[in-house]
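S.K.:
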Amino acid sequence: MKLFEYMGKEIFASYGINVPRGKMVETPEDASTVAKEINGTVVVKSQILAGKRGKGGGIKFADTPEEAARVAGEILSMTVQGHKVEKVLVEEKIKIDQELYLAITIDGAAKKPVIIASSQGGMDIEEVDDEFIAKQHVDVSVGVYPYLGREICRRIGLTGPVSKEFNRLLGLLYKIFREKDAELVEINPLVISGDTLIAADSKMTIDDDALFRQKGMPYVEDRTSIEKKAHDLGLAFVELGGNIAVMANGAGMSMGSLDTLVHYGGKPANFLDAGGGTGIEGTTKAIELLLETNPKVIFINIFGGITRCDDVANALVTVKKNKEIPVPVVIRLVGTNEEEGVKIIQENGMEAYKVMQEAAAKAVEIANAG
Amino acid sequence: MKLFEYMGKEIFASYGINVPRGKMVETPEDASTVAKEINGTVVVKSQILAGKRGKGGGIKFADTPEEAARVAGEILSMTVQGHKVEKVLVEEKIKIDQELYLAITIDGAAKKPVIIASSQGGMDIEEVDDEFIAKQHVDVSVGVYPYLGREICRRIGLTGPVSKEFNRLLGLLYKIFREKDAELVEINPLVISGDTLIAADSKMTIDDDALFRQKGMPYVEDRTSIEKKAHDLGLAFVELGGNIAVMANGAGMSMGSLDTLVHYGGKPANFLDAGGGTGIEGTTKAIELLLETNPKVIFINIFGGITRCDDVANALVTVKKNKEIPVPVVIRLVGTNEEEGVKIIQENGMEAYKVMQEAAAKAVEIANAG
Amino acid sequence: MAIIINENTNVVVQGITGNQGKFHTRQMLAYGTKIVGGTSPGKGGQEVEGVPVFDNVYAAMEQVRVDASVLFIPAPFAKDAAFEAITAGIKVLVIVTEHIPVHDEMDIIDLASRKGTTVVGPNTFGIVSSGKCKIGIPPNQFFVPGSIGVVARSGTLTYEIVGNLTANGFGQTTVVGLGGDRVVGLSFVDVLEKFEKDPETQAVVLVGEIGGNAEEEASLFIKKMTKPVVAYIAGKSAPPGKRMGHAGAIIERGKGTFNAKVEALTAAGASVATLPFEVPELLREKLK
Amino acid sequence: MAIIINENTNVVVQGITGNQGKFHTRQMLAYGTKIVGGTSPGKGGQEVEGVPVFDNVYAAMEQVRVDASVLFIPAPFAKDAAFEAITAGIKVLVIVTEHIPVHDEMDIIDLASRKGTTVVGPNTFGIVSSGKCKIGIPPNQFFVPGSIGVVARSGTLTYEIVGNLTANGFGQTTVVGLGGDRVVGLSFVDVLEKFEKDPETQAVVLVGEIGGNAEEEASLFIKKMTKPVVAYIAGKSAPPGKRMGHAGAIIERGKGTFNAKVEALTAAGASVATLPFEVPELLREKLK
């Protein structure tokens, strides 16, 4: 789950990391009020869950409260990087001596957190040459101590009082990373302003799987309504715009299903990973969800492991009993409790395929025929 | 540094460990007030830095506020286990279904914390057979997780809701142990009272070497005034009551000096480890301290390593210059900067021994002659 | 021979009294797995499917030799259960549970690496030494002995491919599910190294996915292997996954796409199937 | 041969720009120790006693092979410095600093054991491979080559005993100071094992103290040793130390007293001196 910039900054500030004075507002009037309080030039930043807002016109400066209201009004009516702007952050403009980059994320290959730092922060960090970027893995059972911060400072050429401040900030950022179950905490730019360091931006992603224990963490919705419904059911769902509704179990299997449908000339309406062991009720709701995409055909591709074929079959029968399914269902069913599942399907007047490519070809045929 | 029972219980309570309702008081009147608030039978416990208070008469029950005042008065005039009582803890009397024992301390041999638990807590825990005691080492880089608590419960035969509560409490106690730089946290007895666990006593020792970072930790004085003075100078000092004042550098050397003096028939006045690298000023103060024990002779035994012989010699000369030293000084001086040190001693009209046993024998001779 | 587990592996099921635990204990026993015990706190002394239940792994190991453990424990409690197994001295730990917080996964793998425990998963179907021992959740009937080693990131897709292999006469030595999460105990390279050394394994099938750079790293090792490798990468037509800010870009530097993976694998000498069911045919060609 | 360090050990001094660091760097150089660098944050590029100063251990190891490090760092910062040395890959770490918080000591030793670093100390005088390499703070003149291995808990008392040995013609192979704190990196047994294997060491002198049970544990190993051992235990007439509640009693169970230690050592075949200066005489008898 991504956090808005202002949320990340609130977390930073609560841990003792310097952020610019400012406040999130949702109206031009409030923007003016905040600008008055700040009493100086402010920056008005669109709050969306995407980067490169500056290039999209989503960040503007204002010298007076009136101007702040005006640019806030402009930005609040914009769509930046495909995201409709509903909130802006109004902040003091800070003096920038140098822009650093600092992030902590997870390196899957190393199976560890990795700190990434550069003396050349700012918008073009992705283009910065490797030699100006220090990467330092962290042992979770050791953590981040000052020696590690000193080593990073040495490698990015940071010295003097600012390096001490950097070290303090790094320790706090790692604390946030661990305590908030973050997958990413990123400050770009981390601004050197005199002897202090100020987090001029924040990017944080919280592990969805850890939200159950992140009490007090604001919930940020970044899904379409149907994706949200799927998520609430514990299903991974992405809309794709085609006409073949797809349900499979397992992310790999779901991707394999899409690949096969596309190979035969089909257009998948969605990606839906029903996961493992969802049970009858969950599977029922997954099928109901598929119907909401108004497909021409439903393609169900199950290779049962932790998922049992009889559960899937019973779910399909349940949906059929509760309401008419208006489109054909092509179902492929093998694996755990396959015999029982196929029997249930057949008893209810449907056919169950055994071979994936045959089922996929059939689904494409129906979709493209209609 | 040992903490009084009531201090340990305040820490316990602040971490969410149940303790009996109650309050520390210093007068019979306040004892009566607390007993009124508790509104039931109370226990009045002497607050001293020693165990076995019950056997010494330092713990008494009272059914009314008047009785609480009376027994508090009695206890406040007592000396228990050699400690003058100045504070008492007045607490509700709790229902005791069973007494457990739980402690976390440091096992020097294993170089790790060790959890010690028993289903047979109470006064005679030291006599309990090993089979009723569970010892479990903790990796500091792993910490205490519920699985460890479950394993301890299994080994001491604790089941049901109380075992869940025990597990919760163990996690908190380990947190206290680490966060407070404790050398020992001990709850004996840990009382099962219905489905809850109550810490009916507390024993905590904080690492003296970590007090610099234990902001907010109350300071508890457990030294004689001369020992306190020594401690403030960074010296390890214990009064022993004899007539040969002893100063050596290093704990082992200090013990070896005592052993040698005793071997020759001497009576050491004190144990004083001047430590390593104390420098001129510290050494000067150490010598001044020795004079306060009114010895018949001062025996200084230095084998210089991090301590430099010239520093010790200069310190002795400084003391001599500032005030007359009223007793003979026998000094033995070898090791780092030995030549310079010996020269300084000789220039100031004293003699420096090279061999420890000769110096020790001389000191004993002077002490026993006088 | 087989890798990681074999016919003598004694297995404990953590969480044996839950629904999934019970069901898959029955399935594993039916496959021939030597399940010597299960654990469930407070239920020591009971039996599930004829298997004795212990209060914890420590208690089980007091009674019987245990080589491996499989976790059927809900995600919030999985780290604790894994720590129990690792500190008790389990040498192979299979974690089926999905949705374990990634910080917990890092903690588990850190501790395991220190204690010398091999972690299969989390979010894995498990590991099957075909005909000898199955630890995990895949359906029994598709896993038959043979000479193909299979290593995969995803679950059901692997059943699909293994099913196709078996239908085409290719039995397996060992089938290893690395797990679908970003942080898992084993890498492709870890398993490929073992297959390369295993005398019974003649060829290897690698089932990958878009995202991350595990397949690119595997390619570097495949280049040095003497045994043929056939790969399938799922996700050619999948929507792009979420990106981890600039940090993700800095780490990946262009890796992770379908094309990057296929190119790396092809350059390393592996055959890459376009669709899952093409794997047996490519394998036949490679083994000619 | 020598144990732990030898004439080829390259040493870095952490905290070389402080007073103690400077003084003992000079002393160690005078003894012949190969000091290849020192560290002091922000002072990289300077020189102390002709030794190059680096910003940290990582920077030093980029320039030169480093085998061992010695810490002259104030107690509050010692853990951080030790972690730096250990994670940088130092294999022998000598921690002279006293008054390090005991929880920090446990953390240091835990990390060191995971990374394969030998920790001498904390609160130690160090280690001397006589005539070859001195890492730490003992005075140079008493440590001369010979065939006696010395292992001790306390510092100056050891100089006393080593001085007596040297004066009596007994040079030393290696003199190891375990450190005076309750939690230290090496135990008597760790060092006795090395002396037992070291072909140049003919006999061992063990210098112990009352408290703890390190000497009792050492006795169990001494029983199995082929080489003679002479011991001295300080504290026969010392005041009783502080006791750690019931927990201390439960751990010690009667061990730790002067008598318990002398009995254990004697029963194991060691000669125990009553006073420090008796050690050479007992050694002479043992070696007859």
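In order, the protein sequences belong to chains A, B, C and D.
Note that the first sequence ends on residue 802 in the working numbering; no numbers are left out.
Note that the second sequence ends on residue 802 in the working numbering; no numbers are left out.
Note that the third sequence ends on residue 296 in the working numbering; no numbers are left out.
Note that the fourth sequence ends on residue 296 in the working numbering; no numbers are left out.
All C-beta atoms, glycine included, are put in the ideal place defined by N, C-alpha and C.
Can you give the beta carbon distance from G714 of chain B to G773 of chain B, rounded, assuming they're within the 8 Å contact cut?
M.R.: The residue you call residue 714 of chain B lines up with position 282 of the second sequence. The residue you call residue 773 of chain B lines up with position 341 of the second sequence. The beta carbons of G714 of chain B and G773 of chain B sit about 16 Å from each other, so the pair does not count as a contact at 8 Å.
S.K.: For S77 of chain D, which of helix, strand or coil comes out of DSSP?
M.R.: For the purposes of this step, residue 77 of chain D is taken as residue 69 along the fourth sequence, with counting starting at 1. If DSSP states are grouped into helix, strand and coil, S77 of chain D belongs with the strands.
S.K.: Could you check where the beta strand (DSSP E) with Q568 of chain B kicks off and where it finishes?
M.R.: Looking up residue 568 of chain B in the second sequence gives position 136. Looking at the DSSP string, the run of the beta strand (DSSP E) that includes Q568 of chain B is 565-569.
S.K.: Taking 9 Å as the cut-off, decide whether the C-beta atoms of A642 of chain B and D613 of chain B are in contact.
M.R.: In the second sequence, residue 642 of chain B corresponds to position 210, counting from 1. In the second sequence, residue 613 of chain B corresponds to position 181, counting from 1. Against a cut-off of 9 Å, the Cβ pair of D613 of chain B and A642 of chain B comes out as a contact.
S.K.: Roughly how many angstroms separate the alpha carbons of F203 of chain D and T209 of chain D, rounded to a whole number?
M.R.: As a position in the fourth sequence, residue 203 of chain D is number 195, starting the count at 1. As a position in the fourth sequence, residue 209 of chain D is number 201, starting the count at 1. Between F203 of chain D and T209 of chain D, the C-alpha separation is close to 6 Å.
S.K.: Go ahead and pull the three-state DSSP assignment for Q479 of chain A.
M.R.: Mapped onto the first sequence, residue 479 of chain A falls at position 47. Reduced to three states, the DSSP call for Q479 of chain A is coil.
S.K.: Between V136 of chain C and L200 of chain C, is the Cβ-Cβ spacing less than 9 Å?
M.R.: In the third sequence, residue 136 of chain C corresponds to position 128, counting from 1. In the third sequence, residue 200 of chain C corresponds to position 192, counting from 1. No, Cβ-Cβ distance for V136 of chain C and L200 of chain C is not below 9 Å.
S.K.: In chain C, what lies closer than 7 Å to P578 of chain B by C-beta?
M.R.: By one-based count along the second sequence, residue 578 of chain B stands at place 146. Ordered by position in chain C, the residues that pass the 7 Å Cβ test against P578 of chain B are D88.
S.K.: Do L101 of chain D and V59 of chain D have their CB atoms nearer than 9 Å?
M.R.: In the fourth sequence, the residue the question calls residue 101 of chain D occupies position 93. In the fourth sequence, the residue the question calls residue 59 of chain D occupies position 51. In this structure, V59 of chain D does not lie closer than 9 Å to L101 of chain D by Cβ.
S.K.: Run the CB neighbour count on H111 of chain D, radius 10 Å, all protein chains shown included, and call it buried at 16 or more, exposed below.
M.R.: Within the fourth sequence, residue 111 of chain D is the residue found at index 103, counting from 1. With 16 or more neighbouring CB atoms inside 10 Å of its own CB, H111 of chain D falls in the buried class.
S.K.: Confirm, please, whether the CB-CB distance from V652 of chain A to L765 of chain A is below 9 Å.
M.R.: Locating residue 765 of chain A in the first sequence gives position 333, where the first residue counts as 1. Locating residue 652 of chain A in the first sequence gives position 220, where the first residue counts as 1. 9 Å or more divides the Cβ of L765 of chain A from the Cβ of V652 of chain A.
S.K.: Kindly give me the distance between the Cβ atoms of K51 of chain C and I94 of chain C, rounded to whole angstroms, as I take these residues to be in contact under 8 Å.
M.R.: Residue mapping note: residue 51 of chain C aligns to position 43 of the third sequence, counting from 1. Residue mapping note: residue 94 of chain C aligns to position 86 of the third sequence, counting from 1. Contact doesn't hold; Cβ gap of about 22 Å is too wide.
S.K.: For Q479 of chain A, does the count of other Cβ atoms within 10 angstroms reach 16, so buried, or fall short, so exposed?
M.R.: Here residue 479 of chain A refers to the residue found at position 47 of the first sequence. By the 10 Å Cβ count, Q479 of chain A comes out buried.
S.K.: Consult DSSP for H107 of chain D and reduce its assignment to one of helix, strand or coil.
M.R.: In the fourth sequence, counting from the first residue as 1, residue 107 of chain D sits at position 99. Coil at H107 of chain D, not helix or strand.
S.K.: Using only the alpha-carbon positions, how far apart do L186 of chain D and V787 of chain B sit?
M.R.: In the fourth sequence, the residue the question calls residue 186 of chain D occupies position 178. In the second sequence, the residue the question calls residue 787 of chain B occupies position 355. So the alpha carbons of these two residues sit roughly 25 Å apart.
S.K.: To test your reading of the DSSP string, which unbroken alpha helix (DSSP H) runs of 4 or more residues are found completely within the stretch 143-200 of chain D?
M.R.: DSSP runs (the alpha helix (DSSP H)) wholly in the stretch 143-200 of chain D: 164-175.
S.K.: Taking the straight line between their C-alpha atoms, what separation do you get for V191 of chain D and A278 of chain C?
M.R.: Along the fourth sequence, read from residue 1 onward, the residue named residue 191 of chain D stands at position 183. Along the third sequence, read from residue 1 onward, the residue named residue 278 of chain C stands at position 270. Rounded to the nearest angstrom, the two C-alpha atoms are 54 Å apart.
S.K.: Name the residue from B:T459, B:G737, B:S686, B:I584 whose alpha carbon lies nearest to the alpha carbon of I507 of chain B.
M.R.: Translated into the one-based positions of the second sequence, residue 507 of chain B becomes position 75. Among B:T459, B:G737, B:S686, B:I584, the Cα nearest to that of I507 of chain B belongs to B:T459.
S.K.: Tell me, please, which residues DSSP counts as bridged to C585 of chain B.
M.R.: Taking the first residue of the second sequence as 1, we reach residue 585 of chain B at position 153. C585 of chain B pairs with nothing; no bridge assigned.
S.K.: Kindly list, in the order they appear in chain C, the residues whose Cβ is closer than 8 Å to that of G707 of chain A.
M.R.: Here residue 707 of chain A refers to the residue found at position 275 of the first sequence. Ordered by position in chain C, the residues that pass the 8 Å Cβ test against G707 of chain A are E106.
S.K.: Comparing the C-beta of E597 of chain B with each C-beta of chain C, is any distance below 9 Å?
M.R.: As a first step, residue 597 of chain B must be located in the second sequence, where it is residue number 165. Judged by the 9 Å Cβ criterion, E597 of chain B is not in contact with chain C.
S.K.: From D742 of chain A to G134 of chain C, what does the alpha carbon distance come to, in whole angstroms?
M.R.: Here the question's residue 742 of chain A lines up with position 310 in the first sequence. Here the question's residue 134 of chain C lines up with position 126 in the third sequence. Inter-residue distance for D742 of chain A and G134 of chain C is about 22 Å (C-alpha atoms, whole angstroms).
S.K.: Pick helix, strand or coil for G440 of chain B, following the three-state DSSP scheme.
M.R.: Counting from one through the second sequence, the residue named residue 440 of chain B turns up at place 8. Note: G440 of chain B maps to helix in three-state DSSP.
S.K.: To the nearest angstrom, how far is it from the Cα of F1 of chain C to the Cα of F644 of chain B?
M.R.: Residue 1 of chain C lies beyond the stretch modelled for chain C, which goes from 9 to 296, so this question has no answer here.
S.K.: Taking E506 of chain A as part of the alpha helix (DSSP H), name the residues at either end of that continuous run.
M.R.: Position 74 of the first sequence, counting from 1, holds the residue named residue 506 of chain A. Judged by DSSP secondary structure, E506 of chain A falls within the alpha helix (DSSP H) whose first and last residues are 497-508.
S.K.: Beta-carbon of R251 of chain C versus every beta-carbon of chain B: anything under 9 Å?
M.R.: Walking along the third sequence from the start, residue 251 of chain C turns up at place 243. Model confidence at R251 of chain C stands at a pLDDT of 49, short of 50, so the residue's coordinates are unreliable; what they give is reported in the following sentence. Cβ-Cβ to chain B under 9 Å: no for R251 of chain C.
S.K.: Here's a check: name, in chain order, each residue in its chain whose Cβ is nearer than 6 Å to the Cβ of R251 of chain D, leaving out the five neighbours to either side.
M.R.: Counted from its first residue, the fourth sequence places residue 251 of chain D at position 243. For R251 of chain D, the predicted structure reports a pLDDT of 49, less than 50, and the residue's modelled location is therefore unreliable. The matter cannot be settled from this model.
S.K.: Can a CB atom of chain A be found closer than 9 Å to the CB of V66 of chain D?
M.R.: For the purposes of this step, residue 66 of chain D is identified with residue 58 of the fourth sequence, where counting begins at 1. According to the sequence shown, residue 66 of chain D is Tyr rather than Val. Closer than 9 Å: yes.
S.K.: Between Y533 of chain A and the rest of its own chain, which residues show a CB-CB distance below 6 Å, the 5 nearest in sequence each way excluded?
M.R.: Walking along the first sequence from the start, residue 533 of chain A turns up at place 101. If we look at Y533 of chain A and ignore the five residues flanking it on each side, its Cβ neighbours are S550, G553, I557, N620.
S.K.: Applying a beta-carbon distance threshold of less than 8 Å, which residues of chain B neighbour F203 of chain C?
M.R.: Your numbering for residue 203 of chain C matches position 195 in the third sequence. Residues of chain B passing the Cβ test: none, with the nearest at roughly 33 Å.
S.K.: To the nearest angstrom, report how far apart I303 of chain C and D88 of chain C are at their CA atoms.
M.R.: Not covered by the structure: residue 303 of chain C. The range shown for chain C is 9 to 296.
S.K.: Going along chain D in order, which residues have a C-beta closer than 8 Å to the C-beta of D571 of chain B?
M.R.: One-based indexing of the second sequence puts residue 571 of chain B at position 139. Within chain D, the residues near D571 of chain B are D118.
S.K.: Three-state secondary structure (DSSP) at G714 of chain A?
M.R.: On the first sequence, position 282 is the one that residue 714 of chain A refers to. G714 of chain A falls in the helix class under three-state DSSP.
S.K.: Could you list the residues in the stretch 27-49 of chain D with a C-beta less than 9 Å from some C-beta on chain A, going in chain order?
M.R.: P49
S.K.: Counting along the chain, where does the beta strand (DSSP E) carrying N620 of chain B start and finish?
M.R.: Taking the first residue of the second sequence as 1, we reach residue 620 of chain B at position 188. Residues 614-625.
S.K.: Going by DSSP, what residue range makes up the beta strand (DSSP E) through V670 of chain A?
M.R.: The residue labelled residue 670 of chain A in the question sits at position 238 within the first sequence. Per DSSP, V670 of chain A belongs to the beta strand (DSSP E) from 668-671.
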